[in-house]
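J.: Quick one: structure below, then a few questions.
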């Protein structure tokens, strides 16, 4: 039984790090910029921040095509920047939720690459494979040719 129902009365603000606040002037939002705006978000009454994917990605699917679950996309900063942001949020009583995309990976992810290369790979069963391409494979596909 869940006793901590904090989310029932939470003010959850969903954001994309890359479009929120740019601290280094490269035109892409980053964790340092987000950290600098935590007081503003707290002032709005935000009690939780829901982060869209920020992991390493080729960005063919707005970051939902994760290539490395353990890293932070360099466009958004470093793992240290992310940790600083989470500490800043915690100090203000703001929870951090992460949109963790575990139902698929990028075709650039090492698990996919190993599974593709070796039918005996421990990752092979993590993906769906076919011995032949279906007819009309690119019709209606979001990512034709992948």
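In this note's numbering, the protein residues as written are 92 to 237. Virtual Cβ for every residue (Gly too), placed ideally from N, Cα, C.
When you compare each of 103, 154, 118 and 94 to residue 135 by their alpha carbons, which one comes out closest?
T.: On the chain shown, position 44 is the one that residue 135 refers to. Out of 103, 154, 118 and 94, 103 has the C-alpha closest to the C-alpha of residue 135.
J.: Identify whether residue 211 lies in helix, strand or coil by the three-state DSSP scheme.
T.: What you label residue 211 is simply residue 120 of the chain shown in a count that begins at 1. Three-state result, residue 211: coil.
J.: Near residue 160, which residues of its chain fall below 6 Å by C-beta distance, leaving aside the five closest residues on each side in sequence?
T.: As a first step, residue 160 is located in the chain shown; it is residue number 69 there, counting from the start. Excluding residues within five positions, the ones whose Cβ falls inside 6 Å are 146.
J.: Pull the bridge partners of residue 106 from the DSSP assignment, please.
T.: Within the chain shown, residue 106 is the residue found at index 15, counting from 1. DSSP output for residue 106 lists 142 as bridge partner(s).
J.: Starting from residue 159, follow its DSSP beta bridges and name the residues at the other end.
T.: Translated into the one-based positions of the chain shown, residue 159 becomes position 68. Residue 159 pairs with 147.
J.: CB-CB under 7 Å to residue 179, same chain, minus the five flanking residues each way: which ones, in chain order?
T.: Taking the chain shown and counting its residues from 1, one reaches residue 179 at position 88. Closer than 7 Å at the Cβ level, and outside the excluded window around residue 179, lie 126 and 129.
J.: Quick one: using the 10 Å Cβ neighbour count with 16 as the cut-off for buried, is residue 148 buried or exposed?
T.: By one-based count along the chain shown, residue 148 stands at place 57. Of the other Cβ atoms in all chains shown, 16 or more fall within 10 Å of the Cβ of residue 148; this residue is therefore buried.
J.: According to the Cβ coordinates, are residue 114 and residue 188 closer than 8 Å?
T.: Along the chain shown, read from residue 1 onward, the residue named residue 114 stands at position 23. Along the chain shown, read from residue 1 onward, the residue named residue 188 stands at position 97. No, the Cβ-Cβ distance between residue 114 and residue 188 is not below 8 Å.
J.: Use the C-beta contact count for residue 226: other C-beta atoms within 10 angstroms, 16 or more gives buried, fewer gives exposed.
T.: For the purposes of this step, residue 226 is taken as the residue at position 135 of the chain shown. When all chains shown are included, residue 226 counts as exposed.
J.: Would you tell me roughly how many angstroms separate the C-alpha atoms of residue 152 and residue 106, rounded to the nearest one?
T.: Working through the chain shown from its first residue, we reach residue 152 at position 61. Working through the chain shown from its first residue, we reach residue 106 at position 15. Here the alpha carbons of residue 106 and residue 152 stand approximately 16 Å from one another.
J.: On the DSSP bridge assignment, give the partners of residue 189 in chain order.
T.: For this step, residue 189 is matched to residue 98 along the chain shown. Per DSSP, the beta bridge partners of residue 189 are 142.
J.: Report back the beta-carbon spacing between residue 116 and residue 167 to the nearest angstrom; my notes put them in contact at under 8 Å.
T.: Residue numbering aside, residue 116 sits at position 25 when the chain shown is read from its first letter. Residue numbering aside, residue 167 sits at position 76 when the chain shown is read from its first letter. The pair is not a contact, with the Cβ atoms about 14 Å apart (cut-off 8 Å).
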